[in-house]
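Worksheet for the structure shown next.
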Amino acid sequence: MESLGVLLLHPVNAYLEQELGRRCRLYRFWESPREEFLRAHAGAVRAVVGNANYGADAALIDALPALEIVASFSVGIDRVDLAKCRERGIRVTNTPDVLTDDVADLAVGLAIAVLRRIPQADRYVRAGLWKSRGDYTLTTRFSGKRVGIIGLGRIGQAVARRVEAFDCPVSYHQRTEQASVYPNYTYYPTVVELAANSDVLVVACPLNASTRHIVSREVMEALGPKGVLINVGRGPHVDEPEMVAALADGRLGGAGLDVFEDEPNVPEALLGMDNVVLVPHVGSGTYETRKAMADLVLGNLEAHVLSKPLLTPVV
Amino acid sequence: MMASRGEPPATKVVLLLVPHKDASFHAALRERFRVLDFFASECSPLPAFLGAAAAAPEPPRAAIVVGAGLIPVDAAFLDAVPSLRCVMCLAAGVDFIDLDECARRGVVVANSGSVFSADVADHAVGLLIDVLRRVSAAERFVRRGLWPVQGGHPLGSKIGGRRVGIIGLGNIGSQIAKRLQALGCIVCYNSRTPKDSVPYRYFTNVHDLAVESDVLVVACALNKATRHIVGKDVLEALGKDGVVVNIGRGANVDQAELVRALKEGRIAGAGLDVFENEPGAPGELFCMDNVVMTPHVAVFTAESMSDLRDHVVANLEAFFSGQPLLTPVLPHSPVN
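Those protein sequence lines, which keep their order, are chains A and B.
Each residue of the first sequence is one higher than the one before, starting from 1 at the first, in UniProt numbering.
Each residue of the second sequence is one higher than the one before, starting from 1 at the first, in UniProt numbering.
Below is the structure:
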């Protein structure tokens with residue numbers, strides 16, 4: 001695919017960038033001012049590669065008349081204007097499945113970290129407080145806690161299977177109940193009811209118009225002063241200012257957050273809180289998974305160039 | 001030294017030889033038994049307290065003890081309070097109790113059974129995920145405001161498919177294994193003897209286990225055979241991509257060797273809840289992002305404290321009503 005002009009929106013992965021450079025005609029979007037780049041190269045771009053934070057919005061799609069395919073280095077494609085792509089006949093691919101386990105592992109790791117205060121206890125030791133102040137406080141057990149999952153897709157199911165090994169009863173909400181598929185999980189028709197019946201609420205659904213701020217003030221208050229919110233979806237799934245306020249005044253017990261509304265910016269107030277665990281969008285952040293994601297992007301581009309069926313098409 | 005108002009039958013007299021219990025623990029005991037609390041008494045040293053208790057019209061028939069209380073339950077102790085017929089230990093480990101001597105005298109011994117197992121297993125898994133996925137390191141990165149400045153955070157390692165060698169497959173080790181299997185790990189183990197009907201591969205020694213493992217989890221009791229069971233040879237066998245998780249006892253691991261191996265990059269990381277010479281952890285580890293340290297907290301959740309209280313009461317009630325203990329410890333039987 002040496003003649004395929006690929007526009008990489010951001011330096012998302014060294015291996016991916018290296019392979020794109022080796023196998024395609026690679027353009028790096030961040031190397032020159034946007035308008036200058038588009039004037040010079042817009043007509044040569046047939047493929048765009050972005051990720052969770054850098055996508056092909058309507059403006060960019062309009063500026064690339066030769067665009068044939070958007071291959072996202074992510075499973076969530078909320079930053080790609082899918083309607084525009086359908087309109088223009090542009091294909092869209094993502095990276096499902098290869099990152100499912102990593103994201104589910106992180107969700108469980110965050111839940112344990114929040115309830116058992118592992119990063120906080122680690123800070124306590126590093127600050128010399130174990131010696132000077134004595135024993136750390138009691139924390140909260142994770143095993144047996146009621147886990148509510150918003151979205152029982154690939155990632156949601158992977159979370160469910162993991163927490164079952166900790167004897168956690170699993171409940172869920174999504175558009176449809178699938179009682180025959182999940183006889184051991186309890187379905188709730190609304191997120192508020194799910195939250196009211198959960199100790200740990202995990203966001204694992206895609207971000208779209210109907211799931212924006214699906215974790216509202218009402219949901220967080222239903223989860224309650226002992227409840228823990230785990231977000232491994234997208235920042236905009238949660239009403240972030242309401243969450244910060246609820247955590248600050250104890251209406252929400254704690255949170256483990258991998259995603260934020262305005263990454264890489266994290267609300268200042270959270271940085272001073274002791275009942276939260278904050279990580280910088282590392283859900284798929286392992287060497288193994290990022291390579292698998294990169295190979296999937298490359299495989300999709302190659303299939304496109306060879307007019308073969310795309311590996312993981314969304315559009 | 002005498003117990004507070006005694007509605008409970010005077011025959012249910014219990015020596016409490018354990019420091020630092022919370023109010024609800026004391027309340028639960030006092031509701032049902034007459035409690036003689038050494039750490040609240042004015043009668044120290046211990047021999048005077050025990051002497052006074054033994055000489056009372058209704059001497060104690062049970063004693064609540066724990067290893068960290070530093071009171072060995074040996075022949076001398078049992079001689080000092082000959083009325084004792086039951087020893088209730090608040091932990092799983094009973095190394096400080098002379099089980100043979102107790103058996104000789106017809107004194108029954110109970111321990112904490114599996115009260116703490118789930119919490120310790122959860123903590124071990126939490127430490128493992130933290131080290132492999134760099135959770136605490138990433139947390140520090142965010143809290144220091146580095147995300148907008150430096151962009152990406154270093155990648156971690158995938159957990160699924162990783163070979164985890166568990167040293168000690170008792171209550172705790174088994175619970176760890178079950179959780180790690182759900183995370184896609186391949187579990188193997190070493191134990192004094194192989195366990196029937198577990199699906200995990202058994203290794204007769206820890207060195208061979210380490211050769212075939214990416215992560216070693218120490219979940220065994222501390223005794224003569226397991227002191228420094230993870231030492232230089234085992235660390236070398238584990239290798240430079242290997243990770244050690246210790247929720248046993250600090251002395252299960254040769255700490256000086258571990259620190260050296262971490263400093264020299266001969267192993268990849270460690271998740272440690274226990275250390276030699278607590279409180280405190282080796283300062284050389286404090287600047288390392290591939291190490292997670294917690295201050296011996298694996299058992300300490302609000303739920304386990306409440307479960308322990310119920311467990312102690314249930315064992316003592318069983319004893320006082322002539323029933324068998326719920327979690328008896330016999331001489332030469334595995335503590336786990």
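Cβ atoms here follow ideal geometry from the backbone N, Cα and C, with glycine treated the same way.
- Chain-ordered listing is empty here: chain A has no CB closer than 7 Å to the CB of P60 of chain B, the nearest sitting near 28 Å.
- For N315 of chain B, the three-state secondary structure derived from DSSP is helix.
- In the structure shown, H207 of chain B falls within a helical segment according to DSSP collapsed to helix, strand and coil.
- Around A318 of chain B, the same chain offers P324, L325, L326 as residues with beta carbons nearer than 7 Å, after the five sequence neighbours per side are excluded.
- With respect to the 8 Å criterion, L38 of chain A and A63 of chain A are classified as neighbours on the basis of their beta carbons.
- The DSSP-derived three-state label of S132 of chain A is helix.
- Against chain B, the CB of W130 of chain A has a partner CB under 8 Å away; the residue lies at that interface.
- Shown here for S216 of chain A: same chain residues with a beta carbon closer than 6 Å to its own, the five before and five after excluded, namely D239 in chain order.
- Taken through DSSP and simplified to helix, strand or coil, V277 of chain A comes out as strand.
- Between the stretch 167-181 of chain B and the stretch 215-222 of chain B there are three or more C-beta pairs closer than 8 Å, enough to call the two in contact.
- Going by C-alpha positions, I150 of chain A is about 33 Å away from R88 of chain A.
- In this structure, the alpha-carbon of S210 of chain A lies about 11 Å from that of Q174 of chain A.
- Within the stretch 178-212 of chain A, the complete alpha helix (DSSP H) runs of at least 4 residues fall at 191-196.
- Look at R217 of chain A: its C-beta is not under 8 Å from any C-beta on chain B.
- In this structure, DSSP gives T95 of chain A a state outside helix and strand, which the three-state scheme calls coil.
- Contact between G113 of chain B and D95 of chain B does not hold, since their C-beta atoms are separated by about 17 Å, which reaches or exceeds 8 Å.
- DSSP, read as helix, strand or coil, puts D101 of chain A in helix.
- Taking 8 Å as the CB threshold, G156 of chain A stays off the interface with chain B.
- Assignment of C86 of chain B by DSSP, reduced to helix, strand and coil, places it in the strand class.
- Fully contained in the stretch 115-172 of chain A are the following alpha helix (DSSP H) runs of length 4 or more, in chain order: 118-126, 129-133, 154-164.
- Identification of chain B residues near S143 of chain A by a Cβ-Cβ cut-off of 8 Å yields A118, D119, A121, D122, ordered along the chain.
- Among the residues facing chain B, T140 of chain A is included, as its CB has a counterpart in that chain under 8 Å away.
- For R146 of chain A, no CB of chain B lies under 8 Å from its own CB, so it is not counted at the interface with that chain.
- Relative to I69 of chain A, the option among A:A56, A:R79, A:D78, A:V103 whose CA is nearest is A:A56.
- Put simply, the stretch 86-94 of chain B does not touch the stretch 136-143 of chain B. Fewer than three CB pairs are less than 8 Å apart.
- If you compare the alpha carbons of B:F203, B:G173, B:A137, B:A80 with that of A124 of chain B, the shortest gap goes to B:G173.
- The continuous alpha helix (DSSP H) containing I129 of chain B extends over residues 117-133.
- Counted as a single uninterrupted DSSP element, the beta strand (DSSP E) harbouring C188 of chain B occupies residues 186-190.
- Within the stretch 28-48 of chain B, no residue places its CB atom closer than 8 Å to a CB of chain A.
- Under the three-state reduction of DSSP output, I166 of chain B falls in the strand class.
- Within the same chain, and ignoring the five residues on either side of L84 of chain B in sequence, the residues whose Cβ sits closer than 8 Å to its Cβ are L15, P60, R61, A62, A63, L78, V107.
- Taking 9 Å as the Cβ-Cβ cut-off, the stretch 154-182 of chain A approaches chain B at R161, R162, V163, E164, A165, F166, D167, given in chain order.
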